[in-house]
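Number of protein chains: 2
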Amino acid sequence: MAATIKDIAKAAGVSPATVSRVLANKEGFFGAQTAVRVREAARQLGYRKNTAATELVTQRSHDLAVIVNATQTNFANQIIEGIQATAFPADLNVIILYAGDADEERQRRALTTVIERAVRGILLLSVNLAPANLALLRSTEIPYTFLSISMQAPQTPAITSDDWQVGYQATQYLLQRGHQRIGLAAVDHQITGQLRLAGYRQALMEAGVRPVAAWFQAGDYSYAAGQQAMQAYGAQPAVTAVLAGSDMAAIGVMNQARTLGLLVPADLSVMAIDGTELCDIVQPTLTSLTQSFYDMGVAGVRRLLADQSTPPRETTAIHVVERESVIAPRAHRSDI
Amino acid sequence: MAATIKDIAKAAGVSPATVSRVLANKEGFFGAQTAVRVREAARQLGYRKNTAATELVTQRSHDLAVIVNATQTNFANQIIEGIQATAFPADLNVIILYAGDADEERQRRALTTVIERAVRGILLLSVNLAPANLALLRSTEIPYTFLSISMQAPQTPAITSDDWQVGYQATQYLLQRGHQRIGLAAVDHQITGQLRLAGYRQALMEAGVRPVAAWFQAGDYSYAAGQQAMQAYGAQPAVTAVLAGSDMAAIGVMNQARTLGLLVPADLSVMAIDGTELCDIVQPTLTSLTQSFYDMGVAGVRRLLADQSTPPRETTAIHVVERESVIAPRAHRSDI
DNA sequence: GCAGGTAGCACAAACGTTTGCAATGGCTTT
DNA sequence: AAAGCCATTGCAAACGTTTGTGCTACCTGC
């Protein structure tokens, strides 16, 4: 039914080989008027290239796969934008697959789909791969890189923020605004959370503040985790500021604080980690430690295109964006 | 390098045909111990199926393509969840492509990518296809369906909410709460916005209210569009309630209202169309006309799997979810 | 003891494309 | 005028898989 290169060859009175060369624009391999005839025939017949056939013979795909976890991290779009923008000029098509963060089976299926397609590279977008699936990924020759979060296993290539610095710099900023009793909420026990916690503690220590265990409320970066953390701090919180693991978590903290009768930032300062557009649309707007998600996407594609010679771990820039949710604690304010 | 079924055939001492049948589990075509030998050899060699070869010979893909516009509509995830949940049991892999809503070239590229891959079906997720691209899509034999928004062209299959009812029911709800002067903000001039506007006007008329032109502020469903609409209503708005085209737009309206010194809902009620999780995390929480996005995804896949015999247009359920952002207007309240 | 059936497997064609190699013919160079 | 070159094209193999057809050996039932 669908027209093939042979049909065009017949219609244009040339061989399939020539048709292939014309359609692929292999300059210098065909005459000008031949090209015209071929292209016209192709148009007439409504020819569509058969990617499967091409990939079979060339042994090479033009696809770059992005695997995203389903629990929608709201910064995924920014990373994907960066990926697209970089892949496009390199003549790569970006295809995105959703895998459950929790569901190992769905992860496996997404993975095998792209592996069997022999894509050019795989970008894993804040997905925590089950060990078996990581092994599966490693067993192929397809280059891959984790984005935004890295795996525990040391040699897995990843492009992330420097999470230790994330914890450190955010905490430093809060200290600098006069806070001492600072909470850290809704970061997990994986490597990302551990590093942020370590940076946070270091910043406190350097400022001569002994971190108290209750200031740290672990969680999974979700809105609910933020709520729970705030609930744990209570209506008379020991802390004057809370650093939340994500924008969503920060909003959870804020809303729960309000429920407890606390005003943000008058009674409690809140700072978010991520800095997506959510920070701007929420009231009060959220001061954040902002990550360069777009750059992560760009760097991810670059790395897949370049050779794997680059060091496996790479970080992108972070910076503090001041908005409304952080002010000096009561004790430091003149209005007391 | 990569092992093929021929390698397995050699290793297991059978023909490639048998290997293929074993690996495809074509029951009754091979002996039990043969199967064991083949599978073991495949495991040993780290065999990965070559999808390109399979698709070439079977002339059939197991992929279902979803094309999403880049301007991230925050309900896309829900639709995709519905798609995944339905596609998974049908043994379909879901691959997602981003196309710009504005960028015709990116649209075309996403489209040709999936067309040349001969996917089983194409789901277009709130994307407004340029006419040339719609023609391209139509020129293939691949079934497709628009989701969430439909095209002007009458015969394009689509699964959406009944947008007339969206406008009608939301307005009715506001009327019922005592509002008369009701604004409609940030819906576009395309078919979706037109229908909502028509439903809105009908509801007003039935209640004996003559809609005033200035009550309607068109826009593109974005946060900024919401802000602009509210700016147009001004600090002494003629309306007592605003129905916004999306959750994001509603938040834009609310924030701008606050900037103008208006309290929501005390001074102005705001109602959102969509009802995503944003409505719950914002302060005050947003009363919404909620769409069944998950169901849209489900219905979309069903339609592609079933034959095209079903009517081209199909709608999913809508309902009002009451939250905090709508109360009776001042004039109706006892506290005046 | 034989016709007919069946289980298990191999052969080979086919899918649509790319590409190394060879062939052709015209032109330039000496 | 022979030799060489270049532009243009065709031939045919190859990519890895699926599947219709045919073959062999064994079994069943009479």
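Going down the list, the sequences are from chains A and B. FYI, the numbering for the first sequence is 975 to 1310, going by this note's numbering. FYI, the numbering for the second sequence is 975 to 1310, going by this note's numbering. Yeah, the Cβ is synthetic: ideal placement off N, Cα and C, and Gly gets one too. Being a predicted model, the structure only gives us computed values, none of them experimental.
Pairwise C-beta distances place the segment 1048-1059 of chain A out of contact with the segment 1018-1036 of chain B, as fewer than three of them are shorter than 8 angstroms. Chain-order list of chain B residues neighbouring GLY1020/A: SER1113, by C-beta distance under 8 angstroms. Of the residues assessed, LEU1103/B falls on the buried side of the cut-off, its CB having 16 or more other CB atoms within 10 angstroms.
In the DSSP assignment, ARG1083/B falls within the alpha helix (DSSP H) that extends over 1078-1090. In the DSSP annotation of this structure, the continuous segment of the alpha helix (DSSP H) that includes GLY1200/A starts and ends at 1197-1207. DSSP places PHE1049/B in the coil class of the three-state scheme, outside both helix and strand. Each of VAL996/B, GLN1176/B and GLN1033/B was checked against the Cα of GLN1139/B, and the nearest Cα belongs to GLN1176/B. Counted as a single uninterrupted DSSP element, the stretch harbouring GLU1288/B is not any alpha helix (DSSP H) but the beta strand (DSSP E) occupying residues 1287-1290. Annotation for MET1245/B: the continuous beta strand (DSSP E) segment containing it runs 1243-1248.
Chain order gives the chain A residues near GLN1058/B as TYR1072, where near means a beta carbon separation below 7 angstroms. Where LEU1217/A is concerned, the enclosing beta strand (DSSP E) starts and stops at 1215-1218. Residues of chain B whose Cβ lies closer than 9 angstroms to the Cβ of ARG1232/A are, in chain order, GLN1257.
The beta carbon of ALA1106/A does not come within 7 angstroms of any beta carbon belonging to chain B, so the residue lies off that interface.
Contact residues of the segment 1194-1207 of chain A toward chain B are TYR1197 (C-beta to C-beta distance below 8 angstroms). A distance of 7 angstroms or more separates the beta carbons of ALA1059/B and LEU1038/B. At least one beta carbon of chain B lies nearer than 7 angstroms to the beta carbon of ALA1026/A. Against chain B, the CB of ILE1247/A has no partner CB under 7 angstroms away; the residue lies outside that interface. Classified as buried, GLY1141/A has 16 or more neighbouring CB atoms from the shown chains inside 10 Å of its CB.
For GLU1029/A, the chain B residues whose C-beta falls within less than 8 angstroms of its own C-beta are ALA1026, listed in chain order. Comparing alpha-carbon positions, the option among ARG1184/B, GLN1210/B, GLY1182/B and HIS1163/B lying closest to ASP1194/B turns out to be HIS1163/B. For ARG1091/B, at least one C-beta of chain A is nearer than 7 angstroms to its own C-beta.
According to DSSP, residue pairing for VAL1042/B in a beta bridge involves TYR1072/B and LEU1099/B. Taking all protein chains in view, the Cβ of LEU1237/A is surrounded by fewer than 16 other Cβ atoms within 10 Å, so the residue is classified as exposed.
Cβ-Cβ separation between ALA1160/B and ALA1199/B: approximately 4 angstroms, consistent with a contact (criterion under 8 angstroms). Look at THR1032/A: its C-beta is not under 7 angstroms from any C-beta on chain B. In the DSSP assignment, ILE1255/A falls within the unbroken alpha helix (DSSP H) covering 1252-1255.
Chain B places a beta carbon closer than 7 angstroms to that of THR1087/A, counting this residue as a contact. Taken through DSSP and simplified to helix, strand or coil, GLY1141/B comes out as helix. Contact with chain B is found for LYS1023/A, since one of that chain's Cβ atoms lies less than 7 angstroms from the residue's Cβ. The alpha carbon of ALA1127/A has as its nearest neighbour, out of GLU1115/A, ALA1144/A, SER1113/A and ALA1109/A, the alpha carbon of ALA1109/A. Per the C-alpha coordinates, the member of ASN1229/A, ARG1184/A and ARG1013/A positioned closest to LEU1260/A is ASN1229/A. In this structure, the CA atom of SER1299/A is about 17 angstroms from the CA atom of GLN1143/A.
Taking one beta carbon from each stretch, the segment 1244-1258 of chain A and the segment 1178-1188 of chain A have fewer than 3 pairs nearer than 8 angstroms; the two do not touch.
Going by beta carbons, PRO1258/B and GLY1152/B fall outside the 7 angstroms limit.
Proximity of ILE1225/A to chain B, defined by a Cβ-Cβ separation below 7 angstroms, is satisfied. At a cut-off of 7 angstroms between beta-carbon atoms, ASN1043/A makes no contact with chain B.
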